[in-house]
Amino acid sequence: MDDVPVFLLRLRDEHRAFDESFRGLRDAARVAKDPVMLEALRILCEDFLTAYHQEREEKLLFPRLRGDPRLSAGGPECALHFDFYLADRPLAHAARASRSNGAAAEGPRWQGSSLEDQKANSPLCIPGEDHEAGRVLLRALRTLPAPDDPDLFERRLRLLETFGTIQRTHHRREEGCFFSVCRGILTPAAWVEIEAADRAWRPPPENPAVQAVTDALAKAGWPRFAA
Ligand SMILES: [Fe+2]
Ligand SMILES: [Fe+2]
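Numbering of the sequence shown is given in my numbering, commencing with residue 216 and proceeding in unit increments.
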């Protein structure tokens, strides 16, 4: 493992910390019907995974891969993960969950480079769609009123559970395929640049839900780094 770039090891650690923290917070929300735990789960999905983890993948990795013909060659497990992707397209999955929980089922909001990837039918559309499906679910969540009754609480929790299901599959795709592709394309100099540009997670201002997230990540053994 010592030849794996530090940035990829960091992303893998974040996947694992997300998965374990997600399970803990989801179980706590489900058992206690506690709105603080539900909010903690949203913060983990939105602030930690989407705005921190995925944004770094999109800003530090995607631009260095975009347009490279070796992207289409894939890695050893890519065909398998592509089959899984086609069998249950993440945007369709997110739209189904939004509708079935009474939330507005908006489509994706492709913009900038992600719109260019769509037009070019780039292989980056696959991780891009996984990420966008998460954002669709987070927007759907905001169309529901606050969880002031058991039914709304349940619907919000189910939307977040769908977020977790899609992103767990996405993490398997990244670790089995996408990260190998990155290692095949990016040069040692590119990894040095990426490492230098990386940043630490800054949690939202302290409150009980944010504290529950930072406690869950610490309990999961996340080796948070201070860049
Ligand atoms: Fe990702
Ligand atoms: Fe990731």
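No residue lacks a Cβ here, since even glycine has one placed at the ideal position from N, Cα and C.
Taking the Cβ of Leu276 as the reference point, every heavy atom of ligand 2 lies at 7 Å or farther away. With contacts defined as CB atoms closer than 8 Å, Leu301 and Glu272 fail to qualify as a contacting pair.
Counting of Cβ neighbours within 10 angstroms places Pro419 among the exposed residues, the total staying below 16. Between Phe222 and Trp406, the beta carbon gap of about 6 Å places them in contact (Cβ cut-off 8 Å).
Taken atom to atom, the span from the alpha-carbon of Arg439 to that of Phe263 is near 12 Å. Counting C-beta pairs with one atom in each stretch, the stretch 228 to 240 and the stretch 381 to 394 have three or more that are closer than 8 Å, which means they touch. Restricting attention to Asp234, Ala255, Glu235, the CA atom closest to the CA of Arg371 is found in Ala255. The beta carbon of Lys248 is closer than 8 Å to those of Pro365, Phe368 in its chain, skipping five residues each way along the sequence. Judged by beta-carbon spacing, Arg354 lies beyond the 8 Å limit of Glu376, meaning their Cβ atoms are not closer than that value. Annotation for Leu432 indicates a beta carbon at 7 Å or more from all heavy atoms of ligand 2. Using a Cβ-Cβ distance cut-off of 8 Å, the stretch 340 to 357 and the stretch 323 to 332 are in contact, since at least three pairs of beta carbons, one from each stretch, lie closer than that value.
Pro403 is classed as exposed because its beta carbon has fewer than 16 other beta carbons within 10 Å across all chains shown.
Looking at the backbone, the Cα of Phe277 and that of Leu432 are separated by about 26 Å. Taking all protein chains shown into account, Ser287 has fewer than 16 neighbouring C-beta atoms within 10 Å of its C-beta and is therefore exposed. Not one heavy atom of ligand 2 lies closer than 7 Å to the C-beta of His296. With respect to the 8 Å criterion, Ala348 and Leu306 are classified as neighbours on the basis of their beta carbons. In the assembly as shown, Asp218 is an exposed residue. Its beta-carbon has fewer than 16 other beta-carbons within 10 Å.
The beta carbon of His386 sits closer than 7 Å to at least one heavy atom of ligand 2. In the structure shown, the three-state DSSP call for Val428 is helix. Out of Asp413, Ile341, Leu253, Leu224, the CA that lies nearest to the CA of Asp298 is found in Ile341. The Cβ atoms of Leu259 and Val428 sit closer than 8 Å to each other. The DSSP-derived three-state label of Arg387 is helix. The DSSP assignment places complete alpha helix (DSSP H) segments of no fewer than 4 residues inside the stretch 285 to 365 at 293 to 302, 305 to 315, 327 to 335, 340 to 357, in order along the chain.
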